[in-house]
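If you're matching them up, the sequences are chains A and B in order. Each step along the first sequence adds one to the number in numbering that gives the first Met the number 0, with nothing skipped, and position 193 is 192. Each step along the second sequence adds one to the number in numbering that gives the first Met the number 0, with nothing skipped, and position 78 is 77. Using N, Cα and C, we set each Cβ at its ideal position, and we do this for glycine too. On a predicted model such as this, the values are computed, not experimentally measured, just so you know.
2 protein chains.
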Amino acid sequence: MPLSFEITARCPETGARAGKLHTSHGTISTPIFMPVGTQATVKAMTSEELKTLGAEIILGNTYHLYLRPGADLVAEAGGLHSFMNWDRGILTDSGGFQVFSLDSLRKISEEGVTFRSHIDGSKHFISPEKATEIQMKLGADIIMAFDECIPYPCEYEYARESTLRTTRWAQRCLLTHRNKKQALFGIVQGGTYRDLRELSVQGLVPLDFPGYGIGGLSVGEPKSLMYEVLDYTLPLLPEGKPRYLMGVGTPDCLLEGVARGIDMFDCVFPTRVARNGTILTRRGRLVIRNARYARDFRPLDPECTCYTCRNYSRAYIHHLIRTREILGLRLTTIHNLALTLDLMGAIREHIAAGTFAMFKADYLGNNQEYN
Amino acid sequence: MPLSFEITARCPETGARAGKLHTSHGTISTPIFMPVGTQATVKAMTSEELKTLGAEIILGNTYHLYLRPGADLVAEAGGLHSFMNWDRGILTDSGGFQVFSLDSLRKISEEGVTFRSHIDGSKHFISPEKATEIQMKLGADIIMAFDECIPYPCEYEYARESTLRTTRWAQRCLLTHRNKKQALFGIVQGGTYRDLRELSVQGLVPLDFPGYGIGGLSVGEPKSLMYEVLDYTLPLLPEGKPRYLMGVGTPDCLLEGVARGIDMFDCVFPTRVARNGTILTRRGRLVIRNARYARDFRPLDPECTCYTCRNYSRAYIHHLIRTREILGLRLTTIHNLALTLDLMGAIREHIAAGTFAMFKADYLGNNQEYN
């Protein structure tokens with residue numbers, strides 16, 4: 000088995016669970032947030048810094064790596080771990096999300112998808128088989144079945160057709176996959192239609208994937224609708240297997256996802272907004288380029304113990320972001336990732352201590368923007 | 000005394016000397032290279048990383064800091080050291096070089112210089128008094144007299160007029176300066192005219208500055224001419240005071256400067272070319288974005304022990320630079336600074352061991368581009 004999962008604690012009041020996910024590159028404590036390293040690098044960070052922050056697994060984007068530097072080159076380097084100097088866990092997505100979100104003119108058929116590169120417009124074709132082959136070359140610990148991520152809103156008829164095709168594609172991925180060190184996860188689709196989510200789960204569960212992604216959420220629907228979909232979908236999935244909510248990563252959504260039984264998350268949110276100068280704090284967000292921070296010599300978040308908050312002031316980071324200095328992007332990225340990973344650590348501790356429900360209410364209560 | 004300097008070793012075959020420069024922020028071993036932190040940050044680096052590389056003193060640009068975030072704000076933060084979280088040495092230039100190089104329409108008078116900001120075109124006036132006041136607020140350990148850096152080539156008559164004015168300005172800086180923790184250095188000008196360099200030294204030495212900058216070099220003249228100016232200028236300066244060759248920082252110029260008796264250097268060269276993907280190695284330069292490095296899994300410089308070379312390959316850095324990833328700029332900056340600072344460390348050791356002349360010949364011989 001390339002992967003084993005054990006649940007070590009459960010919240011008595013919510014669906015939250017804590018566990019251990021054993022991979023070829025170490026054990027991951029769940030619920031976990033995976034920082035996104037799109038192009039074989041979590042933007043602005045070294046692997047050493049990611050370890051210092053406590054990251055146990057990161058995500059790589061198959062679409063981007065397929066285009067640059069190419070899967071064969073990564074394989075030649077000894078796989079993605081070796082290429083990017085990261086010896087902990089890696090999960091690669093299937094490329095499906097990018098193909099559907101970056102090229103509005105892509106052509107989809109039963110066989111696969113034809114799309115154009117966002118870099119040079121060149122034409123490419125990816126099938127479930129090809130997506131799996133690429134991911135085998137990249138060598139991540141967890142790889143994802145090739146799926147179609149349908150938009151929100153989406154006509155029922157199209158959603159149904161797409162969901163059934165994604166299930167057939169998942170089967171083809173499974174038949175292609177033959178790397179014993181990698182775990183291949185299926186992806187539940189179905190949009191915001193309850194019967195389609197059920198249909199998706201019914202198609203995937205018999206294939207006995209070692210874990211399941213929940214796709215097609217956080218694509219523009221209201222948060223309440225996302226929570227509703229999780230509420231009726233998660234109970235359908237096998238208890239003992241990890242569930243990964245794809246593309247979700249704001250503090251409130253992490254807490255709500257965990258409360259419904261999600262074990263894994265990834266999102267560009269903390270790192271992307273950091274580079275734009277938006278700072279997450281335990282009391283809400285702040286936009287560091289605002290003039291009010293020019294002479295504010297406090298740390299970004301006085302309750303934070305990250306490298307940035309221990310050493311640098313809001314005034315200094317305000318200056319760096321305004322002058323477009325690289326160090327500004329680094330310091331804000333470190334802080335936002337630290338806050339997110341610290342939140343996950345606190346979540347795990349509170350699940351183990353049986354106090355998660357209270358912790359969640361407190362955390363959301365302290366964050367005015369979530370009220 | 001804010002500064003004391005002792006010479007601890009001399010090369011028997013060249014003018015090279017090794018020494019110790021004691022400042023309010025620690026002792027600096029000379030000859031030293033100062034990484035440039037224009038806007039209160041050495042681009043792409045944290046202060047922690049600079050320490051790991053062995054940087055003992057860095058340079059800040061008064062012109063840039065005056066415009067953003069402003070000297071009063073830096074003073075409010077407790078000075079530049081505290082603002083940027085750097086507890087080792089800092090030298091600030093006077094702003095003169097930027098005023099003359101960034102605004103071709105500046106107006107110069109005996110009183111000072113009127114110029115426009117490169118950021119928003121706003122009009123500003125800097126005099127020797129104002130440049131000194133600003134630098135007192137910034138609080139560096141070593142500050143520089145306000146000077147005019149004349150271009151190359153330059154008419155004799157203008158060069159003479161400017162050189163004499165720079166000397167009068169140096170006097171006014173000295174009269175303004177009243178920070179006992181800072182050392183104020185004079186700057187020798189005179190272009191490439193031997194009699195004007197003599198005139199400059201004759202005017203400045205009686206003012207008894209604790210150290211002297213050699214300005215107006217590395218501004219477009221051939222290297223051989225720069226060496227010639229150093230050959231006739233340095234013997235005129237007092238033996239026991241530090242000499243700082245401003246704006247110089249390629250390996251060959253560092254070695255040639257040291258051989259002529261220079262103790263301090265600064266230059267954007269290693270960091271600026273790094274961000275452009277040009278890598279300095281002990282065997283010459285390489286342009287990492289070239290296709291030949293796409294599958295080269297060796298370190299940037301196999302003889303280097305820096306963080307970049309210990310952990311990442313040319314192929315990976317080629318990928319990062321091609322995809323414009325921030326980590327690429329970081330890794331190349333770390334390496335180029337490590338190479339430059341390591342070179343200075345080797346220079347100091349060889350001066351102490353009496354083997355500097357041989358080391359210099361070997362180093363230049365191994366670097367084909369310097370042959």
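Establish whether the CB of B:L137 and some CB of chain A are separated by less than 8 Å. For the purposes of this step, residue 137 of chain B is identified with residue 138 of the second sequence, where counting begins at 1. Judged by the 8 Å Cβ criterion, B:L137 is not in contact with chain A.
I'd like the span of the alpha helix (DSSP H) that includes A:G364, first residue to last. The residue labelled residue 364 of chain A in the question sits at position 365 within the first sequence. A:G364 -> alpha helix (DSSP H) spans F355 to N365.
If the cut is a Cβ gap below 7 Å, which residues of chain A does B:E324 touch? For the purposes of this step, residue 324 of chain B is taken as the residue at position 325 of the second sequence. Within 7 Å Cβ-Cβ: Q38, T40 and K42.
According to DSSP, simplified to helix, strand and coil, what is A:L299? For the purposes of this step, residue 299 of chain A is taken as the residue at position 300 of the first sequence. It is coil, neither helix nor strand.
In angstroms, rounded to a whole number, what distance separates the CA positions of B:T29 and B:M0? As a working mapping, residue 29 of chain B is identified with position 30 in the second sequence. As a working mapping, residue 0 of chain B is identified with position 1 in the second sequence. Whole-angstrom Cα-Cα distance: 19 Å.
Check each candidate in B:G215, B:Q38, B:M225 and B:D207 and name the one with the smallest Cα separation from B:L89. Here residue 89 of chain B is taken as the residue at index 90 of the second sequence, counted from 1. Residue identity differs from the one stated: residue 89 of chain B is Ile in this sequence, not Leu. For B:I89, the nearest C-alpha among the options comes from B:Q38.
Are the segment 134–151 of chain A and the segment 70–90 of chain A touching, with three or more C-beta to C-beta distances below 8 Å? yes
Could you check what DSSP says for A:T26 in three-state terms: helix, strand or coil? Locating residue 26 of chain A in the first sequence gives position 27, counting from the first residue. If DSSP states are grouped into helix, strand and coil, A:T26 belongs with the strands.
Tell me, to the nearest whole angstrom, how far the beta carbon of B:E197 is from that of B:L235; I am working on the premise that it is less than 8 Å. The sequence position of residue 197 of chain B within the second sequence is 198, counting from 1. The sequence position of residue 235 of chain B within the second sequence is 236, counting from 1. Right, their Cβ atoms sit about 6 Å apart.
Let me check one thing: in DSSP terms, what residues is B:S3 bridge-paired to? On the second sequence, residue 3 of chain B is found 4 positions in, with the first residue counted as 1. B:S3 pairs with B:H21.
Using the C-alpha atoms, what's the distance from B:S108 back to B:L338? One-based indexing of the second sequence puts residue 338 of chain B at position 339. One-based indexing of the second sequence puts residue 108 of chain B at position 109. Rounded to whole angstroms, B:L338 to B:S108 spans 42 Å at the Cα level.
Residues of chain A with a CB under 9 Å from the CB of B:L72: which are they? The residue you call residue 72 of chain B lines up with position 73 of the second sequence. Ordered by position in chain A, the residues that pass the 9 Å Cβ test against B:L72 are A293, R294, A314 and H318.
Have a look at B:F96, B:D102 and B:S46 and flag the residue whose alpha-carbon is nearest the alpha-carbon of B:M143. Counting from one through the second sequence, the residue named residue 143 of chain B turns up at place 144. Comparing Cα positions, the closest option is B:F96.
Per DSSP, what are the beta-bridge partners of A:T277 in this structure? Sequence index remark: in the first sequence, residue 277 of chain A carries index 278 (1-based). Per DSSP, A:V286.
Going by CA-CA distance only, name the one from B:R281, B:L285 and B:L342 that's closest to B:G364. Numbered from its first residue, the second sequence carries residue 364 of chain B at position 365. When B:R281, B:L285 and B:L342 are compared, the shortest CA-CA separation from B:G364 is found for B:R281.
Note down, in chain order, each residue of its chain lying with its Cβ closer than 6 Å to the Cβ of A:E5, except the 5 sequence neighbours on either side. To locate residue 5 of chain A, count along the first sequence from 1; it is residue 6. Hits under 6 Å: G18 and K19.
Would you say B:M83 lies against chain A (beta-carbon separation less than 8 Å)? The sequence position of residue 83 of chain B within the second sequence is 84, counting from 1. Chain A contact via Cβ: present.
DSSP three-state label for A:K222, please. Walking along the first sequence from the start, residue 222 of chain A turns up at place 223. If DSSP states are grouped into helix, strand and coil, A:K222 belongs with the helices.
I want to verify the contact list: residues of chain A whose CB lies under 7 Å from the CB of B:Y311, in sequence order. Working through the second sequence from its first residue, we reach residue 311 of chain B at position 312. Correct list: N84.
Amino acids of chain B, ordered along the chain, whose beta-carbon sits closer than 9 Å to that of A:R321: Locating residue 321 of chain A in the first sequence gives position 322, where the first residue counts as 1. Within 9 Å Cβ-Cβ: R67 and P68.
Using a Cβ-Cβ distance under 8 Å, would A:A76 count as near chain B? The residue you call residue 76 of chain A lines up with position 77 of the first sequence. Chain B, which has a Cβ nearer than 8 Å to the Cβ of A:A76, makes this yes.
When B:V98, B:R291 and B:S23 are compared against B:F114, the one with the closest alpha-carbon: Numbered from its first residue, the second sequence carries residue 114 of chain B at position 115. Minimum Cα distance to B:F114 is reached at B:V98.
Determine whether the Cβ of B:T270 lies closer than 8 Å to any Cβ atom of chain A. As a first step, residue 270 of chain B is located in the second sequence; it is residue number 271 there, counting from the start. Judged by the 8 Å Cβ criterion, B:T270 is not in contact with chain A.
What three-state label does DSSP hand A:H123 in the structure shown? Your numbering for residue 123 of chain A matches position 124 in the first sequence. Strand at A:H123.
Skipping 5 residues on each side, what residues in its chain have a beta carbon closer than 8 Å to that of B:N366? Numbered from 1 along the second sequence, position 367 holds the residue referred to as residue 366 of chain B. If we look at B:N366 and ignore the five residues flanking it on each side, its Cβ neighbours are P250, D251, R281, R282 and G283.
Could you check whether the segment 260–270 of chain B touches the segment 40–55 of chain A, counting it as contact only if at least three pairs of C-beta atoms, one from each stretch, sit closer than 8 Å? no
Suppose only complete runs of 3+ residues qualify. What are the beta strand (DSSP E) ranges in the segment 30–57 of chain A, listed by chain order? 31–33
Anyone know if the C-beta pair for A:L293 and B:L58 falls short of 8 Å? Sequence index remark: in the first sequence, residue 293 of chain A carries index 294 (1-based). Sequence index remark: in the second sequence, residue 58 of chain B carries index 59 (1-based). In the sequence as displayed, the identity of residue 293 of chain A is Ala instead of Leu. Contact: no.
Quick check: is the beta carbon of B:T331 nearer than 8 Å to any beta carbon in chain A? Here residue 331 of chain B is taken as the residue at index 332 of the second sequence, counted from 1. No, no contact with chain A.
Taking C-beta pairs closer than 9 Å, name the residues in chain B that A:L328 reaches, listed in chain order. Along the first sequence, read from residue 1 onward, the residue named residue 328 of chain A stands at position 329. Within 9 Å Cβ-Cβ: I325.
Which first and last residues belong to the alpha helix (DSSP H) in which A:F145 is found? As a first step, residue 145 of chain A is located in the first sequence; it is residue number 146 there, counting from the start. Counting along the chain, A:F145 falls outside any alpha helix (DSSP H), and DSSP gives it neither H nor E.
Classify A:A74 as helix, strand or coil using the three-state DSSP reduction. The count along the first sequence starts at 1 and reaches residue 74 of chain A at position 75. Residue state, collapsed to three classes: helix.
Find the nearest neighbour of B:Y151 within the set B:I320, B:G256 and B:G214, judged by alpha-carbon distance. Along the second sequence, read from residue 1 onward, the residue named residue 151 of chain B stands at position 152. Closest option to B:Y151, Cα to Cα, is B:G214.
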